[in-house]
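In our numbering, the protein residues as written are 4 to 662.
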C-alpha cells in the first residue's frame with residue numbers, strides 16, 4: 004500500500020517521539036510533532052508535560068494574515084450537491100495547503116481493551132468534505148445574514164452585545180469569520196432538514212478551512228499581543244460549540260464509539276484554549292471586559308440548591324475510586340450539573356454550562372472519563388439527563404436520551420443501582436412534560452397517503468420514535484437486531500403502501516416535502532392479515548421472541564375484553580420524528596383518523612403507554628382497561644421491570660349521543 008508523503012519531525016519533543024504520534028482528530032491527514040516551544044500543540048492539547056532534548060532552534064517566520072478578509076484568488080470550484088451555487092471558502096492570504104492537523108491528539112486508553120479507541124474509530128469532528136472554491140459568493144452572504152439575524156437561535160445563550168463583539172473581531176480575523184459562517188451553516192442544516200446534507204457539508208468545509216488558517220500560526224504568534232489572543236479565544240468558543248453540535252448528532256450503534264467521539268471532542272475543545280494559558284486576567288482589560296466582568300460571573304454562579312445529584316455525591320464518596328483532588332474535581336463537575344437542574348423548569352437558561360462542560364471539568368476527571376472508568380461514566384449519565392432537559396435547543400435534540408440509553412446498555416446490570424436515579428429523572432420529566440402539553444393544531448402539515456419510496460423514511464421514524472420505549476429494547480436488545488428491525492419495517496411498509504386497502508397516512512411538510520410522522524391502523528375497510536408482532540417479525544435475527552409473543556398475547560386479550568368482536572378502527576402506531584415533536588404532526592394524524600371513523604360511525608381503539616394517555620384523553624379517548632408484562636432492563640436478562648399499556652376508546656358523536 005502506498006503511503007501519503009508527510010514531513011517528519013526530527014526535532015520534536017520527547018513525548019511525541021516516544022508515542023510516535025500520527026493520529027489526527029481534525030482531518031484525515033498525518034501529522035507529527037509541530038515543535039512549538041515551550042510546549043508543542045500535541046502535548047498542550049492532551050495536557051501532557053512537554054520536554055525537548057536540546058535547546059530550541061530559531062523559529063521559522065510566522066505567516067501574517069492580510070488586513071482584509073477578501074483578496075483576489077482564482078480556483079476551480081467543486082460543486083456541492085443540492086445547491087445552484089458552488090459555495091467556497093473565503094479567500095485569504097494564507098495558503099489553502101496549510102496544515103489543518105496541527106491540533107493532534109495522542110490516543111488515550113478508552114473503556115477497556117476490548118473496545119475501540121479514538122484512534123481506531125473515525126471520531127473526526129470535521130471529516131474531509133472536499134475542497135472549496137476560494138471566492139466569496141452569494142451563499143456566504145446568506146450565511147452571514149443568517150448569523151446576524153438568527154444569532155439568538157444559533158447561540159441561545161449569547162446576548163446581543165457579545166454577538167456584535169464576535170462579529171467585529173471576526174471581520175478582521177479570517178479564521179474566525181470562517182468559523183462563524185460554518186456555525187451558521189451548521190444551524191441551517193438543522194433548521195432546513197430538506198437541505199441537511201448540503202449545509203452540513205458546507206459547514207465542515209468552512210470549519211476545516213478555519214482550522215487550516217488557525218493552525219498556520221505558532222503559539223508565539225498569539226504571544227506577541229493580547230489583541231491576537233482575543234480572536235483565538237472567540238475561535239475556541241465557536242469551534243468548541245460546533246464540535247459539540249456534531250458530536251451530539253451521531254447515533255452510533257455502540258456506546259464505545261459514542262464515548263470515543265466525546266473524548267475526542269473534549270480534548271479538542273480544551274486544547275484550543277492553550278493559547279490563553281497564563282493570560283486569562285489580561286482579557287479583562289480588553290474589549291471582552293464586559294464578558295468577564297458581568298456575563299461569566301452570572302453564567303457560572305454555581306450556588307446549588309437542589310438535591311437531584313445528592314445521591315451521586317454519596318456514591319462517589321463511598322466507592323473508593325475518588326480520592327483527594329480527584330474527589331474534589333468530581334464534586335465540582337457534579338455541582339455544574341446540579342446548577343443546571345436547579346433552573347427547573349427553564350433549564351435552557353443555563354444550557355451554556357452544558358456547552359462549556361468539557362472545559363469546566365477538572366483534568367483528573369477528564370483522564371478518568373478518557374479511561375472509561377464506570378464511576379466517571381455515571382457522572383456523564385447526569386450530564387445526559389441535563390442535555391435531555393434542554394432538548395428543545397437545536398443542537399441537542401434527543402441526544403441526551405440516546406446517550407443515556409446507550410450507556411445503560413454498555414455498563415450492564417451491575418451498575419443499575421448507580422443509573423436508576425438518572426433513568427427515573429428522565430422518565431418522570433417526560434411524563435410531566437406530556438401531561439401539561441395541549442395538542443396543537445398543525446395546519447402546516449399535509450396529511451396524505453405515502454408512496455413506496457417513502458418506506459425507508461417511515462421505517463426510520465418508527466424506530467426513532469419508539470427508541471425510548473423499554474419494550475423495544477427488550478424485544479430487540481442489540482444494535483444488530485435494531486438494524487434488522489429497520490430493514491424489516493421498510494419492506495413491510497412498502498408492501499402496505501402497495502396495498503390500497505391498508506391503513507397508513509403520513510404528515511408531510513408542504514414546503515420541504517419532508518415526512519414528519521405517520522399513523523397506521525386497521526378497520527373493516529382497512530384489514531390486516533396478521534398483527535405485526537405475531538408475523539415474520541418474530542423470526543428476525545437477534546430479536547427476543549418471548550417478548551414479541553408475550554406482548555401479542557396480553558394485548559390481544561385486552562382488546563377482546565375491551566371491544567370484543569365489535570367492528571372498530573384500531574390504531575397500530577402513531578409515530579413522529581423526534582425532530583418534529585411538539586409541532587402537532589401526531590395530533591393531526593390522529594384527528595384525521597377520527598374524522599374517518601366519525602364518517603363510518605365506528606369507535607377507535609388504541610393501546611397507549613401511560614405517558615401518552617393524557618394527550619389522547621384531550622382528543623376524546625377514555626381509558627377502559629390495561630395490561631402488563633414483565634421485561635428486563637436494558638442490558639439485563641432479569642425480568643425486573645413492569646411494562647404497562649392502557650387500553651383507550653374513542654366513540655363517534657352518533658354513538659355518544661345514544662348513550
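The beta-carbon is built from N, C-alpha and C at its ideal position, and this holds for glycine as well.
Pick from the options: whose alpha carbon is nearest that of residue i?
i           : options               : result
residue 355 : 340, 367 and 368      : 340
residue 521 : 431, 496 and 636      : 496
residue 249 : 435, 358 and 490      : 358
residue 620 : 601, 261, 654 and 588 : 654
residue 399 : 245, 182, 411 and 344 : 245
residue 573 : 407, 253, 526 and 434 : 526
residue 583 : 500, 467, 184 and 507 : 467
residue 507 : 485, 585 and 462      : 462
residue 550 : 514, 513 and 635      : 635
residue 418 : 315, 255 and 243      : 315
residue 216 : 206, 182 and 243      : 182
residue 313 : 334, 324, 330 and 327 : 334
residue 453 : 578, 152, 501 and 565 : 501
residue 370 : 319, 228, 270 and 381 : 270
residue 431 : 614, 287 and 486      : 614
residue 602 : 656, 579, 564 and 576 : 656
residue 348 : 410, 435 and 222      : 435
residue 255 : 363, 407, 324 and 328 : 407
residue 650 : 147, 149 and 609      : 609
residue 176 : 146, 212, 488 and 324 : 212
residue 275 : 285, 214, 230 and 259 : 214
By Cβ distance below 7 Å, which residues in the same chain neighbour residue i in space, the five residues on each side in sequence not counted?
i           : result
residue 172 : 179, 233, 234 and 237
residue 536 : Only weak support is given to the placement of residue 536: the predicted model assigns it a pLDDT of 46, under 50, and the value that follows is read from those uncertain coordinates. Counting only Cβ-Cβ distances below 7 Å, and skipping sequence neighbours, we find 551, 554 and 555.
residue 345 : 307, 308 and 309
residue 206 : 185, 188, 189 and 192
residue 379 : 368, 371 and 372
Is it buried or exposed for residue i, if we count other Cβ within 10 angstroms and need 16 for buried?
i           : result
residue 567 : exposed
residue 560 : exposed
residue 503 : exposed
residue 421 : buried
residue 311 : buried
residue 424 : buried
residue 291 : buried
residue 322 : exposed
residue 513 : exposed
residue 643 : exposed
residue 218 : buried
residue 239 : buried
residue 157 : buried
residue 142 : buried
residue 494 : exposed
residue 54  : exposed
residue 478 : buried
residue 283 : exposed
residue 272 : buried
residue 663 : With the chain covering 4 to 662 only, the question about residue 663 has no answer from this structure.
Grab me the residues of residue i's own chain with a C-beta within less than 8 Å of its C-beta, minus the 5 sequence neighbours each way, in chain order.
i           : result
residue 622 : 442, 590, 593, 594, 597 and 653
residue 202 : 188, 189, 191, 192 and 195
residue 152 : none
residue 628 : 561, 564, 565, 649 and 650
residue 6   : Any reading at residue 6 is ruled out, since the residue's pLDDT is 36, under 50, leaving its predicted position unreliable.
For the putative contact between residue i and residue j, defined by C-beta atoms under 8 Å, what is the C-beta separation to the nearest angstrom?
i           : j           : result
residue 403 : residue 387 : 5 Å
residue 600 : residue 448 : The pair is not a contact, with the Cβ atoms about 20 Å apart (cut-off 8 Å).
residue 624 : residue 648 : About 13 Å separates the two Cβ atoms, so there is no contact after all.
residue 197 : residue 509 : Wrong, their Cβ atoms sit about 15 Å apart, outside the cutoff.
residue 368 : residue 336 : 6 Å
residue 405 : residue 350 : With a Cβ gap of about 18 Å, residue 405 and residue 350 do not count as contacting.
residue 332 : residue 365 : 3 Å
residue 210 : residue 242 : 7 Å
residue 361 : residue 224 : Wrong, their Cβ atoms sit about 25 Å apart, outside the cutoff.
residue 377 : residue 637 : Rounded, the Cβ-Cβ distance is 16 Å, inconsistent with contact.
residue 579 : residue 519 : 6 Å
residue 266 : residue 372 : 7 Å
Report all residues from its chain with a CB closer than 6 Å to the CB of residue i; omit the five preceding and five following residues, and keep chain order.
i           : result
residue 483 : 545
residue 252 : none
residue 471 : 404
Report task. Counting only runs of 4+ residues fully inside the segment 559-620, write out the alpha helix (DSSP H) ranges in chain order. Result -> 588-603 and 616-620
Query raised in the report: In chain order, which continuous runs of the alpha helix (DSSP H) of length 4 or greater are located wholly inside the segment 294-367?
Result: 299-302, 313-321, 327-344, 354-358 and 360-363
Query raised in the report: Fully enclosed by the segment 190-264, which alpha helix (DSSP H) runs are 4 residues long or longer?
Result: 199-218, 222-226 and 229-252
Report task. Output the residue ranges of the alpha helix (DSSP H) runs that lie fully inside the segment 391-443 and measure 4 residues or longer, sorted by chain position. Result -> The segment 391-443 is shown to contain whole alpha helix (DSSP H) runs of 4 or more residues at 402-414 and 419-439, in chain order.
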